[in-house]
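Trainee:
Residue numbers (my numbering), protein chains in the order written: chain S, 523 to 832; chain X, 6 to 277.
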């Protein structure tokens, strides 16, 4: 093709002319560069996704071929008391994760962002973030054993509830695990909020200070509104992450005792890999996906429309 | 001026409170299993049995071999993932791939599904193709899950490189491959390092994929092994389990503290 040859012609005028004409010479190499990514994402992410969706409408236990049973798995799922517990626990995780680590992160960020040695004061909160969910689970199951470190400390100070069976009684076990996860996640939220606070333009903050605003007034009327876009991101991320809670629970209680602390992600894992109910496990993960997507889209839309209204 | 006093005091108290679990971890991981008593977990340990416990968990509980394989996974996976992601970004931004935006949406859409959607088909597929419980199989899956985020960041980064750079290289007669490898990749080192660190940490800390796609000691990643350690030992051998927890956390904590700046930039890149 003639356009291919003019493309590499060193004369700059010619190059510009073929540029506006659609640059046909790069069509193939562009496809070559994008192909590896497209193929492995299609093969290992999209294909499994479709396959799980298909299996959720079948009875399949790993042997033979899947048998189409329509919505039976979904019906079975919602009439199972264990799943309803799991749903309730997942709701606890979502609410708890928005309230505790996001709140603490925001508090730490606001207190440290314009302070001398602020980074040093933030450090203790950041260390747990670099620890894996599994290690967090190991540490906290040690602390929360019945009669363990927490109970002993409470006993020493004469606090009531020292004899609580932290990980054995529901829903207490879910609440303390949310606490353990908050210990890990607060630091990164603080870091994100600090990034946000540092990017707030200086002028309005200074103007407000000249007008006598400080402390709570400054936060409520200047910082908080200007942090709004970042808060949306942090809360959105927290919702998505908490819906998928797995590691901490798996290490600390394996969803027990008696399935009382399961989350949807644990239920999915148990149905599929412990009970070999592939179809049912598929239905749980499809449900989890639908909830995750709906929650994040609904949340983002609400936030965006609010911002438009302002 | 009360504020000047209250604020640091409040932050220090809260910070110390935050470090209490870390203290408990280190204190009890430093006790000889024989000296450990579940009734005296707050007592500090000066015995210095920490290294002994770590050696114990490394050799007897065989955490050593899983640490080695996990090291391979968390270097290879993100490295290949970032290169594939960069090549996607290059095709879309520099080569102006037709419908490039939609291809980008397709690839980035891969992060939308919870991992749970992938587990069962991957497990069945891996079992049938002989990839189950192999290092290659784990490297493959860790590479794939690194691609969408890498493509996202690299595409954003490449849009910041003026297109004249590309045109000038073409005028000089460079091939597209050469432009990618010799110009675009070296120019985007900082973004690539940020993505690499984030993904490597994610893979090092992964439990779910390891649990599903591997079982033998040589192949399974370290978090899976630690979980097994927790359920088999527990009880009296608690110091050994805690030493294991400490051991697997050291690499990510050190990496994180050493690269905090890049890390927060990487976070900022990822969120917006």
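For every residue, glycine included, the Cβ atom is placed at its ideal position computed from N, Cα and C. Quick caveat, the model's predicted, so the values are computed rather than measured.
Taking the beta carbon of residue 772 (chain S) as the centre, do at least 16 other beta carbons fall within 10 Å, making it buried, or is it exposed?
Mentor: Burial call: buried.
Trainee: Just the chain S side, please: which residues come within less than 7 Å of residue 161 (chain X) by C-beta, in chain order?
Mentor: What residue 161 (chain X) touches in chain S: nothing, since even the nearest Cβ is about 15 Å away.
Trainee: Anything in chain S within Cβ reach of residue 164 (chain X), meaning under 8 Å, just list it in chain order.
Mentor: In chain order: nothing, as chain S lies at least about 16 Å away.
Trainee: Note down, in chain order, all residues in the stretch 652-685 of chain S with a beta-carbon under 9 Å from any beta-carbon belonging to chain X.
Mentor: Of all residues in the stretch 652-685 of chain S, 652, 653, 654, 655, 656, 657, 658, 659, 660, 661, 662, 663, 664, 665, 667, 669, 670, 671, 674, 675 and 678 have a Cβ within less than 9 Å of some Cβ in chain X.
Trainee: Counting contacts by CB-CB distance shorter than 8 Å, is residue 532 (chain S) in contact with chain X?
Mentor: Legend: pLDDT at residue 532 (chain S) = 44, less than 50; position of this residue unreliable, value from coordinates given subsequently. So yes, residue 532 (chain S) belongs to the interface.
Trainee: Return the Cβ separation of residue 256 (chain X) and residue 209 (chain X) in integer angstroms, given the expectation that the two are a contact with Cβ distance under 8 Å.
Mentor: Yes, they are in contact, since the Cβ atoms of residue 256 (chain X) and residue 209 (chain X) sit about 7 Å apart, within 8 Å.
Trainee: So with Cβ pairs under 8 Å, would you call residue 276 (chain X) a contact of chain S?
Mentor: Unreliable placement is indicated for residue 276 (chain X), whose pLDDT of 42 sits below 50; no coordinate value is reported for it.
Trainee: Is residue 731 (chain S) helix, strand or coil by DSSP?
Mentor: DSSP places residue 731 (chain S) in helix when its eight states are reduced to three.
Trainee: Helix or strand or just coil, what does DSSP make of residue 688 (chain S)?
Mentor: The answer is coil: DSSP assigns residue 688 (chain S) none of H, G, I, E or B.
Trainee: When DSSP labels each residue in this structure, what does residue 160 (chain X) get in the three-state scheme?
Mentor: Three-state DSSP puts residue 160 (chain X) in a helix.
Trainee: Just to confirm before moving on: does the CB-CB distance between residue 212 (chain X) and residue 769 (chain S) stay below 8 Å?
Mentor: Cβ atoms of residue 212 (chain X) and residue 769 (chain S): closer than 8 Å.
Trainee: For residue 800 (chain S), return the contacting residues in chain X, with the cut-off set at a CB-CB distance below 7 Å.
Mentor: Result: 125.
Trainee: Span of the alpha helix (DSSP H) holding residue 235 (chain X)?
Mentor: Counting along the chain, the alpha helix (DSSP H) containing residue 235 (chain X) begins and ends at 227-237.
Trainee: If I'm right that residue 264 (chain X) touches residue 202 (chain X) with Cβ under 8 Å, what's the distance once you round it to whole angstroms?
Mentor: Confirmed, about 6 Å.
Trainee: Quick one: measure Cβ to Cβ for residue 106 (chain X) and residue 156 (chain X), integer angstroms, because I've assumed they're closer than 8 Å.
Mentor: That pair is no contact at about 12 Å.
Trainee: Compare the C-beta of residue 153 (chain X) against all C-beta atoms of chain S and say whether one is closer than 8 Å.
Mentor: Answer yes: the Cβ-Cβ gap between residue 153 (chain X) and chain S drops below 8 Å somewhere.
Trainee: For the stretch 157-207 of chain X, which segments carrying the beta strand (DSSP E) assignment without a break, of at least 3 residues, lie completely within its bounds, in sequence order?
Mentor: Listed in chain order, nothing qualifies, since the stretch 157-207 of chain X has no complete beta strand (DSSP E) run of 3 or more residues.
Trainee: Can you name, in chain order, every residue of its own chain whose Cβ lies under 8 Å from the Cβ of residue 84 (chain X), other than the five neighbours on each side?
Mentor: Hits under 8 Å: 201.
Trainee: Inspect the CB distances between the stretch 814-824 of chain S and the stretch 747-764 of chain S and report whether three or more fall short of 8 Å.
Mentor: Because the criterion of three Cβ pairs below 8 Å is met, the stretch 814-824 of chain S and the stretch 747-764 of chain S touch.
Trainee: Output the distance between the C-alpha atoms of residue 90 (chain X) and residue 665 (chain S), rounded to the nearest integer angstrom.
Mentor: Looking at the two C-alpha atoms, the distance is approximately 42 Å.
Trainee: Within the continuous alpha helix (DSSP H) that includes residue 708 (chain S), where are the two ends?
Mentor: Taken as a continuous stretch (DSSP letters only), the alpha helix (DSSP H) holding residue 708 (chain S) covers 694-720.
Trainee: Beta-carbon of residue 545 (chain S) versus every beta-carbon of chain X: anything under 8 Å?
Mentor: At residue 545 (chain S), the pLDDT of 49 sits below 50, so the modelled position is not reliable; the number obtained from the coordinates is stated separately. So yes, residue 545 (chain S) belongs to the interface.
Trainee: Please state if the CB of residue 615 (chain S) and the CB of residue 739 (chain S) are separated by a distance shorter than 8 Å.
Mentor: Cβ atoms of residue 739 (chain S) and residue 615 (chain S): not closer than 8 Å.
Trainee: If contact means a Cβ-Cβ distance below 8 Å, which residues of the stretch 627-640 of chain S contact chain X?
Mentor: Within the stretch 627-640 of chain S, the residues whose Cβ lies closer than 8 Å to some Cβ of chain X are 630, 633, 634 and 637, listed in chain order.
Trainee: Sort out for me which residues DSSP pairs residue 589 (chain S) with in a bridge.
Mentor: DSSP lists S:581 as partners of residue 589 (chain S).
Trainee: Anything in chain C within Cβ reach of residue 96 (chain X), meaning under 7 Å, just list it in chain order.
Mentor: Looking at the structure shown, chain C is missing, and the protein chains on hand are S and X.
Trainee: Compute the beta-carbon to beta-carbon distance between residue 805 (chain S) and residue 608 (chain S), rounded to the nearest angstrom, for a pair I have assumed lies under 8 Å.
Mentor: Incorrect: roughly 13 Å between the Cβ atoms, too far for contact.
Trainee: According to DSSP, is residue 153 (chain X) helix, strand or coil?
Mentor: Helix.
Trainee: Residues of chain X with CB closer than 7 Å to the CB of residue 803 (chain S), please, in chain order.
Mentor: Going along chain X in sequence order, the residues near residue 803 (chain S) (Cβ under 7 Å) are 125.
Trainee: Given 8 Å as the limit, is there contact between the stretch 700-719 of chain S and the stretch 673-681 of chain S, that is, 3 or more CB pairs closer than that?
Mentor: Judged by Cβ distances under 8 Å, the stretch 700-719 of chain S makes no contact with the stretch 673-681 of chain S, as fewer than three pairs qualify.
Trainee: Among S:683, S:657, S:655 and S:658, whose alpha-carbon lies nearest the alpha-carbon of residue 668 (chain S)?
Mentor: Answer by Cα proximity: S:683.
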